[in-house]
Amino acid sequence: MSWIEKLHETYERCAGARQFERDPLLPVSHSTQQAHIEIVLDANGKFLRAKVVAKEETVIPVTEESAWRVGTKPPPHPLSDKVQYCAADYLAFGGTKESFYADYVEQLRRWDKSDHNHKVHAVLSYVEGGTLVADLVRERILWCSEGHKLLTEWTENSAIPELFKMLTPRDGKRDQGDAFIRWRVEVPGELESATWDDPAVRESWIRFDASLHFDSGLCMVTGEDTALAASHPKRLRHGADGAKLISSNDNVGFTFRGRFATPEQAFGVGTIVTQKAHNALRWLVKRQAYHDKASGQVFVAWAIGGQDIPDPFKNTEELLHAAHAVDAIEKGTYSGDAGQQFGVRLEKMIAGYRAQLGESDKVVMMGLDSATPGRMAITFYRELEGSEFLDRILAWHAENSWHQNYAKDRQFIGAPAPTDIAMAAYGRLDDRLRKATVERLLPCIIDGRPLPRDIVESCVRRACNRVGFKKEKTRESEWEKCMGIACALFRGSRKEANYQMSLQEDRTTRDYLFGRLLAIADYAEQQALYVADEKRDSNAAKLMQRFANHPCSAWRNIELALMPYKSRLRANRPGQLVKLEKLLDSVVGMFQSDDFTNDSKLSGEFLLGYHCQRAALWTKQGPSPEPMIKSEEAIQGEES
């Protein structure tokens with residue numbers, strides 16, 4: 047159970063730290079709840095006013111039982127709770143549910159008697175008066191019918207009250223008893239009136255709650271004899287999450303798998319320890335986790351000491367932005383040393399993180415998922431030294447980097463994110479496939495394992511099918527993004543080949559040269575189409591998939607189809623045509639022996655050759671076809 051020890055240590059080191067003042071860790075014996083109504087009292091517990099609040103997250107005191115309350119008679123929270131709990135007159139106004147007022151007020155009395163706090167006493171004095179619902183009806187917070195019964199649906203022609211909009215309907219009806227109340231107590235001389243932000247109220251409850259735990263035993267996390275937790279927290283991924291990491295409620299049949307008589311014999315965790323560990327995990331998930339909300343999958347990486355670390359689930363552009371180390375290459379340009387510039391920026395970014403992480407600081411990576419609503423599993427867990435973690439992040443982004451073209455105004459050099467890879471590999475994918483793909487890619491990032499061959503081949507296969515992208519308006523942008531990702535993965539899966547991100551004119555491998563040929567043919571036809579003001583796919587684009595499967599036979603068709611476009615260029619841009627034909631002949635002349643006539647399938651290497659040759663051509667001629675328009679004097683000069 048190393049994970050709970052690391053989370054407990056994280057809580058101890060990060061709670062109260064200055065850098066987390068805006069997003070603090072929850073104190074023990076507290077939880078968060080969305081409040082609907084705020085009631086303001088004076089120091090003597092007299093009602094002053096109330097208002098509806100827009101479902102604000104509020105820190106509230108909780109007991110071990112109420113924090114994760116379920117069942118037919120859920121236990122009350124100590125201070126802030128629903129109208130159903132706080133109002134003595136709830137049933138008198140026609141409340142549709144059972145009232146738990148007696149349990150609520152009894153617990154509040156015991157707290158006030160054991161550890162007196164003047165704000166808690168003011169709330170107790172008010173709720174004992176039994177006029178809560180009447181006061182809220184008078185303030186037009188709650189709404190009643192003519193018979194003084196709380197409404198469950200709004201039938202008036204006027205605008206629906208704010209409270210009705212926020213309550214969750216059940217069978218088309220809303221129970222106003224579900225409205226959650228938080229308290230303010232205005233005391234002369236005190237600046238803080240909110241009970242949920244008052245340190246004195248929090249400390250008072252923590253002391254009283256600690257006095258309620260009597261069953262002690264060995265905590266297997268700290269090794270100390272302390273009060274053991276009878277139940278463990280839930281709501282780890284979001285407010286409605288009912289799945290738990292630790293539970294022991296199989297009290298029938300093979301109780302605890304027949305090995306132990308009580309849950310504590312199997313594994314004992316201190317009450318304070320489990321609260322701190324789960325509070326730390328909930329805080330980390332909310333703050334910095336990759337969360338697939340559709341499937342419930344969560345991955346979170348963190349440094350034990352709270353230092354910033356790079357997010358393994360971001361692409362390189364997002365990572366550089368997050369590290370404030372952006373020195374982006376100008377949009378629409380291509381440079382032969384772009385890979386070196388990118389490498390320098392990446393090294394600087396990682397060096398910034400190294401300066402914060404000490405040699406002995408640990409980094410933990412943890413994955414959570416649940417197959418059922420009540421049980422949660424740790425699907426991935428790694429503990430690494432900070433330097434080792436940074437080295438692997440650096441290796442992932444350096445080895446799997448390529449020119450990425452996500453959109454017209456979003457181009458960068460680097461590695462794609464796991465979710466982008468999943469989309470490039472399978473196109474439209476369901477939640478299960480995306481979840482499984484991300485889970486398979488994570489060891490490649492964290493452990494440095496080779497990329498799954500089927501994912502790489504799937505990306506290459508989709509990139510080759512250029513006309514297969516269905517949405518015509520966004521076809522080119524989707525294909526450009528897919529091709530960049532495919533090139534990045536193929537390069538990363540063939541580290542020994544030492545592929546460069548710039549055009550390698552001395553590389554004579556068959557697949558690379560065929561890719562260059564396709565790029566030259568595509569570029570030549572695109573120029574001819576631009577001259578004639580035609581907007582359509584080139585023959586090279588249409589036959590790209592066939593070319594990838596049968597390059598020699600497909601090249602014959604492409605070259606024959608290119609003849610009329612050459613004639614058009616000869617009439618309009620003869621100088622440019624001469625250069626393209628010379629380049630085409632030089633590439634054909636680089637094939638070894640019978641490589642050119644070999645009609646076997648091409649590997650993803652041909653995409654690298656295609657992409658680099660195309661980028662080099664556009665760089666020489668300008669980032670778009672417009673600069674290719676030449677004057678008559680320029681054309682005559684080229685001919686001479």
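Counted the way the numbering used here counts, the sequence shown spans residues 47 to 686. We put the beta carbon where it would ideally sit given N, CA and C, even for glycine.
(message) According to DSSP, is N585 part of a helix, a strand, or is it coil?
(response) helix
(message) Quick check on L213 - is its C-beta less than 9 Å from some C-beta in chain C?
(response) Absence of chain C from the displayed structure is noted, only one protein chain being present.
(message) Output needed for G460: all residues of its chain with C-beta closer than 7 Å, excluding positions within five of it in sequence on either side, in chain order.
(response) N361, T362, E363, F388, H443, S447 and Q450
(message) Please report the distance separating the alpha-carbon of A470 from that of L535.
(response) 11 Å
(message) Suppose you measure from the CA of W525 to the CA of A509; what does that come to, to the nearest Å?
(response) 6 Å
(message) Could you pull the DSSP bridge partners for A401 from this structure?
(response) None; A401 has no bridge partner.
(message) Whether or not the region 339-349 and the region 475-485 are in contact is what I'm after, with contact meaning three or more pairs of Cβ atoms, one per stretch, closer than 8 Å; do they touch?
(response) yes
(request) With a cut-off of 8 Å on the beta carbons, I'd call T56 and W348 a contact; round off their distance for me. (result) 7 Å
(request) Could you check which residue in R59, D127, V183 and T78 has the C-alpha nearest to that of F93? (result) V183
(request) Indicate the three-state DSSP secondary structure (helix, strand or coil) for G316 in the structure shown. (result) strand
(request) Specify the secondary structure class of M692 as computed by DSSP and reduced to three states. (result) Because the chain is modelled from 47 through 686, residue 692 falls outside the range shown and cannot be assessed.
(message) Beta-carbon within less than 6 Å of Y380's beta-carbon, same chain only, minus the 5 sequence neighbours each way: which residues are those?
(response) Caution applies to Y380, whose pLDDT of 41 falls short of 50 and renders its modelled position unreliable; the value that the coordinates give is listed next. Within the same chain, Y380 has close Cβ partners A661 and T665.
(request) Would you kindly work out how many angstroms separate the C-alpha atoms of K165 and P73, rounded to a whole number? (result) 19 Å
(message) What residue range does the beta strand (DSSP E) around W114 cover?
(response) From DSSP, W114 is part of no beta strand (DSSP E); its letter is neither H nor E.
(request) Please determine if the region 270-280 and the region 310-320 are in contact, where contact requires at least 3 C-beta pairs separated by less than 8 Å. (result) yes
(message) So, at 6 Å on beta carbons, what are the nonlocal neighbours of G91 in its own chain, with the 5 sequence-adjacent residues on each side left out?
(response) A168, S171 and Y172
(request) Specify, as a first and last residue, the run of the beta strand (DSSP E) that R428 falls within. (result) A423 to E431
(request) Put K377 into one of helix, strand or coil per three-state DSSP. (result) Note that K377 scores a pLDDT of 39, beneath 50, so its modelled location is shaky and nothing firm can be said.
(request) Enumerate in chain order the residues of its own chain whose CB-to-CB distance from F66 is below 8 Å, with the five nearest sequence positions on each side excluded. (result) C60 and G352
(message) Can you tell me whether N511 is helix, strand or coil according to DSSP?
(response) coil
(request) Would you kindly report the start and end of the unbroken alpha helix (DSSP H) that includes W242? (result) Neither: W242 is in no alpha helix (DSSP H) and is coded neither H nor E.
(request) Within 10 angstroms of the Cβ of I501, are there 16 or more other Cβ atoms? Answer buried if so, exposed if not. (result) buried
(message) Less than 9 Å between the beta carbons of L497 and S523, yes or no?
(response) no
(request) Alpha carbon to alpha carbon, how far is C528 from A368? Give it in angstroms, no decimals. (result) 24 Å
(message) Less than 9 Å between the beta carbons of F146 and P122, yes or no?
(response) yes
(message) Check this for me: beta carbons of T198 and D221, under 9 Å apart or not?
(response) yes
(request) Taking I531 as part of the alpha helix (DSSP H), name the residues at either end of that continuous run. (result) R521 to S539
(request) Could you work out which residue in F210, A225 and R115 is closest to E84 when comparing CA atoms only? (result) A225
(request) Compute the Euclidean distance between the alpha carbons of A205 and A335, then round it to the nearest angstrom. (result) 40 Å
(message) Suppose you measure from the CA of A565 to the CA of V390; what does that come to, to the nearest Å?
(response) 29 Å
(message) Let me confirm a value: P358 is counted as buried when at least 16 other C-beta atoms fall within 10 Å, else exposed. Which label applies?
(response) buried
(message) Tell me the DSSP secondary structure of G382 in three-state form.
(response) Only weak support is given to the placement of G382: the predicted model assigns it a pLDDT of 45, under 50, and the value that follows is read from those uncertain coordinates. The answer is coil: DSSP assigns G382 none of H, G, I, E or B.
(request) Classify I424 as buried or exposed, calling it buried when 16 or more other Cβ atoms lie within 10 Å of its own Cβ. (result) exposed
(request) Could you spell out where the beta strand (DSSP E) holding D88 opens and where it closes? (result) H76 to D88
(message) Does the region 94-103 come into contact with the region 137-153, if we say contact requires no fewer than three beta-carbon pairs (one atom in each stretch) closer than 8 Å?
(response) no
(message) For a test of the three-state rule: what should DSSP assign to R68, helix, strand or coil?
(response) coil
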